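Numbered per mature numbering (1 follows the signal peptide of the UniProt record, and there is no 0), the sequence shown spans residues -17 to -1, 1 to 191.
Accompanying notes for the structure given below.
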Amino acid sequence: MILPLFFIFCLFSSSHAAVQDFCVGDLKAPQGPAGYSCKDPSKVTVNDFVFSGLGIPGNTSNLIKAAVTPAFAAQFPGVNGLDISSARLDLAPGGVVPFHTHPGGSEILVVVQGRICAGFVSSANTVYFKTLKKGDIMVFPQGLLHFQINAGGSVAIAFVSFSSASPGLQILDYALFGNNLPTELVAATTFLDAAQIKKLKGVLGGTG
Ligand SMILES: *[C@@H]1O[C@H](CO)[C@@H](O)[C@H](O)[C@H]1NC(C)=O
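Now the structure itself:
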């Protein structure tokens, strides 16, 4: 009698199954390393699991002629805790998503319109890049610097998925030239000359 009960106990206690089906993010509560706190399940509706924003083209009237529309946990609370999220990428002719990283997750990009030259640089500084056409997919390993450039004369569109509900986005040029890090420190850490740094700060909204 005792033995079967013991096995049943082991079955449950050693299980790594989630104790809940989902944890829709409560965006009003603070975010911790594991994501947002869970919204009260009795208040969850189907709309928490649907995000309709990716059908709308992003506004590419900007310096990079590109737009990234995220459906991360902050915009799409249903993905909170599920290690998954999406985004839409619009590239006008001449558009580029400059070198950037997603510290929190790997990325898969699916081209649905136009041609995109995409690539990444490994930790060993090896470059992997290719011009992708409609239907091609490319994977960008977590944390590595990568880019996407419109490689055709018309609008290019891609959808991307991430292995994180909050993969983050840090664009290298803005990290270097879009803030108030003093020019002499940018020069010391990049080996660029001050005139070029000040010019880029002017373009990208930096000071100092
Ligand atoms: C797109 O962004 C530009 C620059 O911020 C703005 O002037 C324009 O009104 C925006 N267009 C739309 C359709 O929102």
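The beta carbon of each residue, even a glycine, is placed where N, CA and C say it ideally should be.
The model shown is predicted, which means the values in this text are computed figures rather than measured ones.
Let me check one thing: in DSSP terms, what residues is residue i bridge-paired to?
{"i": "VAL79", "result": "ILE132"}
{"i": "residue 196", "result": "Given a span of -17 to 191 for the chain in the structure shown, any question on residue 196 remains unanswerable."}
{"i": "TYR19", "result": "GLN14"}
Would you say residue i and residue j are within 8 angstroms of each other, going by their C-beta atoms?
{"i": "GLY102", "j": "LYS113", "result": "yes"}
{"i": "GLU90", "j": "VAL122", "result": "yes"}
{"i": "ALA117", "j": "VAL80", "result": "The sequence as given places Lys at residue 117; Ala does not occur at that position. Not a contact, by the Cβ cut-off of 8 angstroms."}
For residue i and residue j, I'd like the C-alpha separation in whole angstroms.
{"i": "ILE47", "j": "PRO24", "result": "41 angstroms"}
{"i": "VAL7", "j": "PHE32", "result": "8 angstroms"}
{"i": "VAL143", "j": "ILE120", "result": "9 angstroms"}
{"i": "ALA17", "j": "GLY161", "result": "29 angstroms"}
{"i": "GLY38", "j": "PRO53", "result": "12 angstroms"}
{"i": "LEU128", "j": "SER105", "result": "8 angstroms"}
{"i": "LYS26", "j": "PRO76", "result": "44 angstroms"}
{"i": "PRO124", "j": "ASN30", "result": "31 angstroms"}
{"i": "PRO86", "j": "ALA70", "result": "15 angstroms"}
{"i": "PRO179", "j": "ALA50", "result": "Sequence check: residue 179 is Gln here, not Pro. Near 26 angstroms, if we compare the C-alpha coordinates of ALA50 and GLN179."}
{"i": "GLY189", "j": "LEU183", "result": "8 angstroms"}
{"i": "ALA134", "j": "LEU74", "result": "10 angstroms"}
{"i": "ALA56", "j": "ASN63", "result": "5 angstroms"}
{"i": "PRO60", "j": "ALA158", "result": "27 angstroms"}
{"i": "VAL2", "j": "ASP66", "result": "16 angstroms"}
What is the residue span of the alpha helix (DSSP H) that residue i lies within?
{"i": "GLN179", "result": "177 to 187"}
{"i": "LEU127", "result": "Segment: none, LEU127 is in no alpha helix (DSSP H) and carries neither H nor E."}
{"i": "ALA171", "result": "166 to 173"}
{"i": "LEU115", "result": "Element bounds for LEU115: not the alpha helix (DSSP H) but the beta strand (DSSP E), 110 to 115."}
Throw me the rounded Cβ distance for the residue i and residue j pair, which I believe falls under 8 angstroms.
{"i": "ALA83", "j": "ILE154", "result": "Going by the sequence as given, residue 83 is His instead of Ala. That belief holds up - the Cβ atoms of HIS83 and ILE154 are roughly 4 angstroms apart, short of 8 angstroms."}
What are the start and end residues of the beta strand (DSSP E) that includes residue i?
{"i": "LEU72", "result": "68 to 74"}
{"i": "PHE55", "result": "Taken as a continuous stretch (DSSP letters only), PHE55 belongs to no beta strand (DSSP E), as it is neither H nor E."}
{"i": "ALA158", "result": "Note, ALA158: premise wrong, no beta strand (DSSP E); alpha helix (DSSP H) at 155 to 160."}
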